[in-house]
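Data block below; observations after.
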Amino acid sequence: MADIIIKNAYILTMDPDAGDIENGVVVIENSTIKEIGTSTECSADKIIDAKGSVLMPGLVNTHCHAGMTIFRGYADDMQLQDWLENHIWPAEAKLTDEDIYAGTRLACLEMIRSGTIAFADMYIHENRVAQAVDEAGIRAALSYGMIDFGDKEKADKELEVGTAFVKEFNGKGDGRITTMYGPHAPNTCSRDFLIRVKEQAVKDNVKLHIHVLETEAELNYMKENFGMCSIHFLKGIDFWGTDVLAAHCVWLSDGDIKILAEYGVNISHNPISNMKLASGICPVSKLIDAGANVCLGTDGCASNNNLDMFEEMRTAALLQKVSTMDPTVLPARKVLEMATINGAKALGINSGMLKEGYNADMIIVDMNRAHLTPVYDVASHLVYAASGKDVSATIVNGKVLMEDGKVLSMDEQEVIDIAVKSSKDLISKINN
Ligand SMILES: [Zn+2]
């Protein structure tokens, strides 16, 4: 007897060999997809009738600082440097591990609601992030964000905390949690430190998550200090590889694009954050043409200001079209690949596709809505017309986290109430 059967769905498998299945069935047993097709002989404890809905792989958010959800709307419409140095950093100095736990629970709730099944995170007090992820039932690749600013003592301490986190939490939460090393960026970490972190990651066989060329200021800093951009600098210290998840990659030359593609680096494109902070535009279509693995992320909630990956997909497509003045670039199916298959590849998880043997990580999108009627092309609607609010069910690792719009793995009101209390306490601490 299987655990769950989902029937009567329009299945967007994202499997290039299978294509879409109209009126299909998915059978889930334990944490994986046992069968997918047009019918089944299996019976199950639970039957979900998805008539009038789309069943698809859940979305993968490849760059987030979930704890920062507590800063949603805290500081908007500012220069990045002013935003970071005069608002975010002073606020973060007052942030407790309890606030980060509250913020991450809120983030997990929002992600489950809007169809995200996994995310990559980099932040402080990452052990509390892991706790929130474990309890919420979502999947995540977590890293402790390390900054040494060229201070040897700080570098030792940061690597110690980062390594302890990697070892303690890898494989936790029934295997839903994986860990990564998170050196913050090439302009906040020293050359020696980046070399040490890469060596440690290779030794521990885990991936790396880093911000790269988010701003023109980073590009100028690297040129001034090292006579080259971050891409060439990281190539010079043997940092690049398929084990690296590089967020942003906005300020790239054609030569940089070649390097990133050649080394199989995973690039997390964060269009809304880049637009809101006026950081620039990542050359996504050029990267894809060069063969690079480009995926999507929301970044932290303080620069977005939500975690809705449907909005991220739509924005990615629109931004690329207007910036290249070519409406044919980044069509809907390509954007869906970025948010599913490519994201899963970047995190090294067996998700992003509905296929036998893959993780049972999927979502149901209710298409019986005015703004999704009529339907000529399902992929088009998912990217250009739908939003996270249209997701009615979210399943991760074979567990139903939300059904018929009701979140089952968390007490929604409690999560919201605690986040509100945390934000109020934080403001009073900042103002004192
Ligand atoms: Zn970031």
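Each residue of the sequence shown is one higher than the one before, counting from 1 in full-length UniProt numbering. Yeah, the Cβ is synthetic: ideal placement off N, Cα and C, and Gly gets one too. This one's a predicted model, so the numbers in the text were calculated from it and none came from an experiment.
In the DSSP assignment, M275 falls within the unbroken alpha helix (DSSP H) covering P271 to K276.
Residue list for ligand 1: H63, H65, M122, H211, A247, D299 and G300 (CB closer than 7 angstroms to any heavy atom, chain order). By the Cβ neighbour-count rule, S279 is buried, with 16 or more other Cβ atoms within 10 Å of its own. Judged by DSSP in its simplified three-state form, R105 adopts helix.
Residues of the same chain with a CB within less than 7 angstroms of the CB of N359, apart from the 5 flanking positions on each side, are S31, T32, I349, N350, S351 and N397 in chain order. Here the segment 98–112 makes no contact with the segment 374–383; the two share fewer than three CB pairs at distances below 8 angstroms. With a 10 Å radius around the Cβ and a threshold of 16 neighbouring Cβ atoms, Q413 comes out exposed. Assignment of S422 by DSSP, reduced to helix, strand and coil, places it in the helix class.
Excluding the 5 residues flanking it on each side, F239 has same chain C-beta neighbours closer than 7 angstroms at L194 and K198, in chain order. Taking a contact as a CB-CB distance under 8 angstroms, the pair I267 and L277 does not count as one, their CB atoms being some 18 angstroms apart.
In the DSSP annotation of this structure, the continuous segment of the alpha helix (DSSP H) that includes H381 starts and ends at V378 to Y384. Counted as a single uninterrupted DSSP element, the alpha helix (DSSP H) harbouring A155 occupies residues K152 to F169. CA-CA distance, E160 to A136, rounds to 28 angstroms. Nearest to S114 by alpha-carbon distance, out of I418, D404 and S392, is S392.
Considering only D174, H184 and C108, the residue with the shortest C-alpha distance to G150 is H184. Distance check between K389 and each of K355, R369, S190 and L12 places R369 closest, using alpha-carbon atoms only. The closest CA to that of D326, considering only A346, H209, E311 and P283, is found on P283. Across the set A91, V250, V329 and M111, the C-alpha of M111 shows the shortest separation from the C-alpha of I363. In the three-state scheme derived from DSSP, where H, G and I count as helix and E and B as strand, P186 is classed as coil. Annotation for E224: no beta strand (DSSP E) segment contains it, though the alpha helix (DSSP H) segment containing it runs E216 to F226. DSSP, read as helix, strand or coil, puts E135 in helix. Contact annotation: R176 and V133 have beta-carbon atoms nearer than 9 angstroms. The beta carbons of I6 and V26 sit about 5 angstroms from each other, so the pair counts as a contact at 8 angstroms. Residue nearest to L296 within the set L401, D15, Y144 and L330 is L330 (criterion: CA-CA distance).
DSSP places A332 in the helix class (H, G or I) of the three-state scheme. Around the C-beta of E85, fewer than 16 other C-beta atoms lie within 10 Å, and the residue is accordingly described as exposed. Under DSSP, F239 forms no beta bridge with any residue. For the pair A302 and M338, the CB atoms are not nearer than the 9 angstroms cut-off. T188 places its beta carbon less than 9 angstroms from that of I147. Collapsing the DSSP output to three states places P374 in coil. Following the DSSP letters along the chain, one finds F193 in no beta strand (DSSP E) but inside the alpha helix (DSSP H) bounded by residues R191 to D204.
In terms of CA proximity to M56, D366 leads the group D366, H87 and S409.
Taking all protein chains in view, the Cβ of W251 is crowded by 16 or more other Cβ atoms within 10 Å, so the residue is classified as buried.
Exclusion of the five residues before and after N61 leaves T116, F119, G297, T298 and M309 as the residues of its chain whose Cβ lies within less than 6 angstroms of its Cβ. Assignment of beta strand (DSSP E) within the segment 42–113, counting only whole runs of 3 or more residues, yields 44–49, 53–57 and 59–64 in chain order.
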